[in-house]
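Trainee:
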Amino acid sequence: MLHFLERSKDNDVQQKIFALIIGAGLFLVIIELVRRRKLAEEYSFLWLLTGFGIIVLILWYDLLEWLTRLIGARTPTTTLFIFGFVFLLLINLYFSLKVTKLTSQVKDLGQKLAISEKADR
Amino acid sequence: MNHKPDNNLVIIIPAYNEAGRIASTIAGIRKVSDADIFVVSDGSTDNTVNEASEAGATVVELPFNLGYGAALQTGFKDALKMGYRFAVQMDADGQHDPMSIKTLIEPVIADEVDVVIGSRFLDKGNYKAPFVRRMGMYFFGIITSVLTGRRITDSTSGFQALNKKVMEFYASAAYPVDYPDADVIIMLHRQGFRFKEVPVIMHNAAKRSMHGGILNPLYYIFKMMLSIFVTLLRKE
């Protein structure tokens, strides 16, 4: 029993380190991409929020435990994954909104171009 | 520009890779009408553009494929810019018989209605759609009839005549460019436009038309249901 608990604690620490690496890595990669102007600040916002959220939840363990109890999850890891998943959902939804807008703008551009090219001929 | 101020009618034909058919469609129209003809080539990769302009149509060439509704909308935008007062929209593949153009446009020019929708089912025609498509037409016909409070026999018809007011509506962002069908009729109804159906002659298209894909009937049903649903939710 004791052995099991110890193993579980080891796993917890391992999980925390793993999550911390992911969170911090994500954060750094995004900052670097923005610095190199490969990623617009606008798009980086949600990603940074995700990375930041992961880091906060790992470092502020009480908050993670509180959230875990709140949503009725069994382990804090589950909570992390759920929140990560929700963030991904939101980011995807945001992209769908953007794609919709871009599609409509591209359509309008194509139409305008076609009409003005016809007039030029 | 061959725009004659006394000629207020333009025939708009969206065309995607219709080489081999577009010229005869235009020639067919020329036999019965001297209206200006706009062919909107929807990013065609074949000889559609050349064939259409050689046959005497004005060609608007989209830089890439935008889909049937967006191509049609391009025609309306251009027609408005050119100052046309009336338009007839028809398919490039010869499905819509030019003999019916007169029947379609007359009630619009006479200002009886704003839009006339050509129905292949009002009269006994020779039109035979595949079973699934026929079921879909029947299903959306019922929904459209219930929601507009009048009998609509051919809610998926792309053979229509309309005036400038409706052209402006079709050119607006409200127009559902991916599949303009039954939802457009419901929108017309809710916008307070006057419309009616008249019987027209339609032939079985040589190949599938631009908006009657076999590939995505499920998406079509989903999209049409959603489009009708949100149309009803909108206040404007």
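In the order they appear, the protein sequences are chains R and H.
Note that the first sequence ends on residue 122 in our numbering; no numbers are left out.
Note that the second sequence ends on residue 633 in our numbering; no numbers are left out.
Virtual Cβ for every residue (Gly too), placed ideally from N, Cα, C.
Assess contact between the stretch 441-449 of chain H and the stretch 502-516 of chain H, defined as three or more Cβ pairs (one per stretch) separated by less than 8 angstroms. Is contact present?
Mentor: No, because fewer than three Cβ pairs between the stretch 441-449 of chain H and the stretch 502-516 of chain H fall closer than 8 angstroms, the two stretches do not touch.
Trainee: Kindly indicate which three-state DSSP category GLU415(H) falls into: helix, strand or coil?
Mentor: Three-state DSSP puts GLU415(H) in coil, outside helix and strand.
Trainee: Using only the alpha-carbon positions, how far apart do ASP433(H) and LEU49(R) sit?
Mentor: When rounded, the distance between both Cα atoms is 56 angstroms.
Trainee: On the DSSP letters alone, give me the boundaries of the beta strand (DSSP E) that PRO596(H) sits inside.
Mentor: PRO596(H) -> beta strand (DSSP E) spans 592-596.
Trainee: With a CB to CB cut of under 7 angstroms and the five nearest residues on each side skipped, what residues in its chain are close to GLN16(R)?
Mentor: Within the same chain, GLN16(R) has close Cβ partners THR78.
Trainee: Taking the alpha-carbon positions, what's the ARG587(H) to LEU47(R) distance?
Mentor: Cα to Cα, ARG587(H) sits roughly 39 angstroms from LEU47(R).
Trainee: Pick out the complete beta strand (DSSP E) segments inside the stretch 486-574 of chain H, 3 residues or longer, and give them in chain order.
Mentor: For the stretch 486-574 of chain H, whole beta strand (DSSP E) runs of length 3 or above, ordered along the chain, are 512-516 and 557-560.
Trainee: Report the residue from SER105(R), TYR44(R), GLY54(R) and VAL14(R) whose alpha carbon sits nearest the alpha carbon of GLY26(R).
Mentor: The shortest Cα separation from GLY26(R) among SER105(R), TYR44(R), GLY54(R) and VAL14(R) belongs to GLY54(R).
Trainee: Pull out every residue of the stretch 418-434 of chain H whose Cβ sits closer than 9 angstroms to any Cβ of chain R, in chain order.
Mentor: Within the stretch 418-434 of chain H, no residue has a Cβ that lies closer than 9 angstroms to any Cβ of chain R.
Trainee: Can you find a CB in chain R that lies within less than 7 angstroms of the CB of ALA452(H)?
Mentor: Answer no: the Cβ-Cβ gap between ALA452(H) and chain R never drops below 7 angstroms.
Trainee: Distance check for VAL529(H) and LEU615(H), CA to CA, integer angstroms please.
Mentor: Roughly 11 angstroms between the two C-alpha positions.
Trainee: Can you tell me whether ASN93(R) is buried or exposed? The criterion is at least 16 other CB atoms within 10 Å of its CB, across all chains shown.
Mentor: ASN93(R) is exposed by the Cβ-count criterion.
Trainee: In angstroms, rounded to a whole number, what distance separates the CA positions of ILE506(H) and ASN560(H)?
Mentor: Approximately 8 angstroms between the Cα atoms of the pair.
Trainee: Does chain A have any CB closer than 7 angstroms to the CB of PRO460(H)?
Mentor: The displayed structure is made up of protein chains R and H, and chain A is not among them.
Trainee: If the cut is a Cβ gap below 7 angstroms, which residues of chain R does LEU406(H) touch?
Mentor: The contacting residues do not exist; LEU406(H) stays about 18 angstroms from chain R at best.
Trainee: Along chain H, which residues have their Cβ under 7 angstroms away from the Cβ of LEU114(R)?
Mentor: Correct list: PRO460.
Trainee: I'd like the list of long-range same chain contacts for ASN462(H), defined as Cβ closer than 6 angstroms, with 5 residues on each side in sequence excluded.
Mentor: Cβ neighbours of ASN462(H) beyond the five flanking positions: ASP439 and GLY440.
Trainee: If ASP511(H) sits next to ARG591(H), beta carbons under 8 angstroms apart, how far is it from one beta carbon to the other, in whole angstroms?
Mentor: Indeed, because the Cβ distance is near 5 angstroms, the residues count as touching under 8 angstroms.
Trainee: DSSP beta-bridge partners for MET599(H)?
Mentor: Looking at the DSSP assignment, MET599(H) forms a beta bridge with HIS493(H).
Trainee: I need the DSSP call for ASP475(H), collapsed to helix, strand or coil.
Mentor: ASP475(H): helix per DSSP, three-state reduction.
Trainee: Alpha helix (DSSP H) containing ASP431(H): first to last residue?
Mentor: Segment: none, ASP431(H) is in no alpha helix (DSSP H) and carries neither H nor E.
Trainee: Should LEU463(H) be flagged as near chain R, meaning a C-beta pair shorter than 7 angstroms?
Mentor: True, the Cβ-Cβ gap to chain R drops below 7 angstroms.
Trainee: Step through the CB atoms of chain H and report whether any lies within less than 7 angstroms of the CB of LYS119(R).
Mentor: Closer than 7 angstroms to some Cβ of chain H, the Cβ of LYS119(R) qualifies, so yes.
Trainee: At a Cβ threshold of 7 angstroms, is LYS474(H) touching chain R?
Mentor: So, interface residue.
Trainee: At a CB-CB cut-off below 7 angstroms, which residues of chain R make contact with LYS478(H)?
Mentor: Correct list: ILE116.
Trainee: Does GLY111(R) have its Cβ less than 7 angstroms from a Cβ in chain H?
Mentor: Taking Cβ atoms only, chain H reaches closer than 7 angstroms to GLY111(R), which makes this a yes.
Trainee: Reducing DSSP to helix, strand and coil, say where PHE461(H) ends up.
Mentor: It is coil, neither helix nor strand.
Trainee: Just how far apart, CA to CA, sit VAL436(H) and VAL35(R)?
Mentor: Distance between the alpha carbons of VAL436(H) and VAL35(R): 45 angstroms.
Trainee: Which residues in chain H sit within 8 angstroms of LYS17(R), going by Cβ to Cβ distance?
Mentor: Neighbours of LYS17(R) on chain H: none; closest Cβ ~44 angstroms, over 8 angstroms.
Trainee: Relative to the C-alpha of ALA468(H), which residue among ASP520(H), TYR535(H), ALA489(H) and GLY589(H) is closest?
Mentor: Cα-wise, what sits closest to ALA468(H) is ALA489(H).
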